[in-house]
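Q: Below you'll find the structure I mean.
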Amino acid sequence: LALSSAVACMAMIFTRSSSRLSSGLVGGKAAAMTMSPRVSSMRHCSRSDLMSVKANKGVPNSIKTSAAMVLPALVVNAAQAHHTVQGLADTAEMDGMTTVISQGIPLLVAGTLAVQFLDPEKRRQEMTAAAGGDEMASVEKYFNGEGFQRWKKIYGETDEVNKVQLDIRDGHAVTVDKVLNWLKLDGGVQGKSVCDAGCGTGSLTIPLALQGAQVSASDIAVEMTKEAQRRYQAVSEQSSLAVSPTFEAKNLEAIDGKYDVVTCLDVMIHYPSERMSSMVKHLASLSKERLIISFAPKTIYYSTLKRIGELFPGPSKATRAYLHAEADVERALNEAGWKVVRREMTATNFYFSRLLEAVPA
204 LALSSAVACM
214 AMIFTRSSSR
224 LSSGLVGGKA
234 AAMTMSPRVS
244 SMRHCSRSDL
254 MSVKANKGVP
264 NSIKTSAAMV
274 LPALVVNAAQ
284 AHHTVQGLAD
294 TAEMDGMTTV
304 ISQGIPLLVA
314 GTLAVQFLDP
324 EKRRQEMTAA
334 AGGDEMASVE
344 KYFNGEGFQR
354 WKKIYGETDE
364 VNKVQLDIRD
374 GHAVTVDKVL
384 NWLKLDGGVQ
394 GKSVCDAGCG
404 TGSLTIPLAL
414 QGAQVSASDI
424 AVEMTKEAQR
434 RYQAVSEQSS
444 LAVSPTFEAK
454 NLEAIDGKYD
464 VVTCLDVMIH
474 YPSERMSSMV
484 KHLASLSKER
494 LIISFAPKTI
504 YYSTLKRIGE
514 LFPGPSKATR
524 AYLHAEADVE
534 RALNEAGWKV
544 VRREMTATNF
554 YFSRLLEAVP
564 A
């Protein structure tokens, strides 16, 4: 009850600054996204429901339900949600800020208590403690167990995924296609040695191998590499150029050797800021020609989205997720003697990935 009431207030507070979030901080990305049908559900709150809030009669069930539904949509499409919720306040002849002041303070207090109760950080700390205090060991355990089952579905072809998982699948596929296109523009990968660090279930490894690249694929979780190998074997006969990849279970720090191309997609999210720079430099040291990496960008908008998403933790979302400022990543590349020559952004409703290609300076 406390959380659902707080959500109604949070929706109003969030939308007061939504236009600024959508226009200045992320280059208008939010405004360009498609508004979820959930936002429109707020329009079904009756005038009497809204007036009961104004009259200090409590938050009716219709507003509680609608607010709980609308919050994820608000952070995805802040600009349009702003007009929706502001329109509700206007209909009820209430000034938005007056409503926040009169109703918001007690609701925010209750909401804060609820958030503390649901804070997923406690669960993550328990997982790390169970792994002997080693965060990466916790990540390895997760991706060999519950996490493997989740991401196997997301990066697979099964229809047994929800809308959020399907959105993530589509976003990741776009990032992979961008990488393949970049490599194609530079002459292709046939005969090239490629290190795919953090290969997952093989979404990039497999097409590279089918195009004739000699791929060394690794992942922190042995279950991931087994699945990637199984998927490659299922399609290997589709191309006469195919070269069987080597699959190894190892973390980024353990990768060694020299390769023409090094790729590392959507892996840095598991590395905190203080370790990101050293890992980028390590990856650069493995490559002779080019390094392609992707990461979740750290902006106010994406940080807000991440934090709100953590209010609804599922049992399979148990590892920390770290965002990185693009300037910090590029600085690490520059310090390693590399320069960025291409950059792209993939942004769907629930998948955000900044893609950089770097070459020796």
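Numbering (my numbering), first residue to last: 204 to 564. The C-beta atom is built at its ideal place from N, Cα and C for all residues, glycine as well. Owing to the predicted nature of the structure, the values given are computational and were not obtained by experimental measurement.
Kindly indicate which three-state DSSP category LEU386 falls into: helix, strand or coil?
A: helix
Q: Quick one: what does DSSP say TYR505 is sitting in, helix, strand or coil?
A: helix
Q: From ILE357 to GLN368, what distance separates their C-alpha atoms?
A: 6 Å
Q: Would you kindly work out how many angstroms separate the C-alpha atoms of SER488 and THR507, rounded to a whole number?
A: Whole-angstrom Cα-Cα distance: 34 Å.
Q: Compare the C-alpha of VAL392 against each of PRO410, PHE346, CYS402 and VAL379 and name the closest.
A: For VAL392, the nearest C-alpha among the options comes from PRO410.
Q: Just the C-alpha distance for GLU343 and VAL382, rounded to the nearest angstrom, thanks.
A: About 26 Å.
Q: So, LEU413 versus LEU388, is the Cβ gap smaller than 8 Å?
A: no
Q: On the DSSP bridge assignment, give the partners of ARG493 in chain order.
A: VAL464
Q: Can you find at least 3 beta carbon pairs, one from the region 430-437 and one from the region 495-502, that sit closer than 8 Å?
A: Result no; under three Cβ-Cβ pairs closer than 8 Å.
Q: Are there three or more Cβ pairs, one per stretch, closer than 8 Å when the region 358-377 is compared with the region 476-492?
A: no
Q: State the DSSP-derived secondary structure class of ALA521, mapped to helix, strand or coil.
A: Bear in mind that the predicted position of ALA521 carries a pLDDT of just 48, short of 50, making it unreliable; the figure below should be weighed with that in mind. Correct three-state label for ALA521: coil.
Q: Sort ILE423, PHE351, THR502 and ALA457 by Cα distance to VAL470 and report the nearest one.
A: ILE423
Q: Locate the alpha helix (DSSP H) running through LEU559, then write down its first and last residues.
A: Counting along the chain, LEU559 falls outside any alpha helix (DSSP H), though it belongs to the beta strand (DSSP E) covering 555-563.
Q: Please state whether DSSP places SER442 in a helix, a strand or coil.
A: coil
Q: To the nearest angstrom, report how far apart CYS467 and GLN436 are at their CA atoms.
A: 22 Å
Q: What's the C-alpha gap between ALA340 and PHE346?
A: 10 Å
Q: Would you kindly check if the distance between the Cβ of THR361 and the Cβ of LEU558 is under 8 Å?
A: no
Q: By the three-class DSSP mapping on this structure, what secondary structure does LYS356 have?
A: helix
Q: Assuming TYR462 and VAL397 are in contact, meaning their beta carbons sit under 8 Å apart, how far apart are those beta carbons, in whole angstroms?
A: 6 Å
Q: Could you give the residue range of the alpha helix (DSSP H) that holds SER406?
A: That residue, SER406, is in no alpha helix (DSSP H); it is neither H nor E in DSSP.
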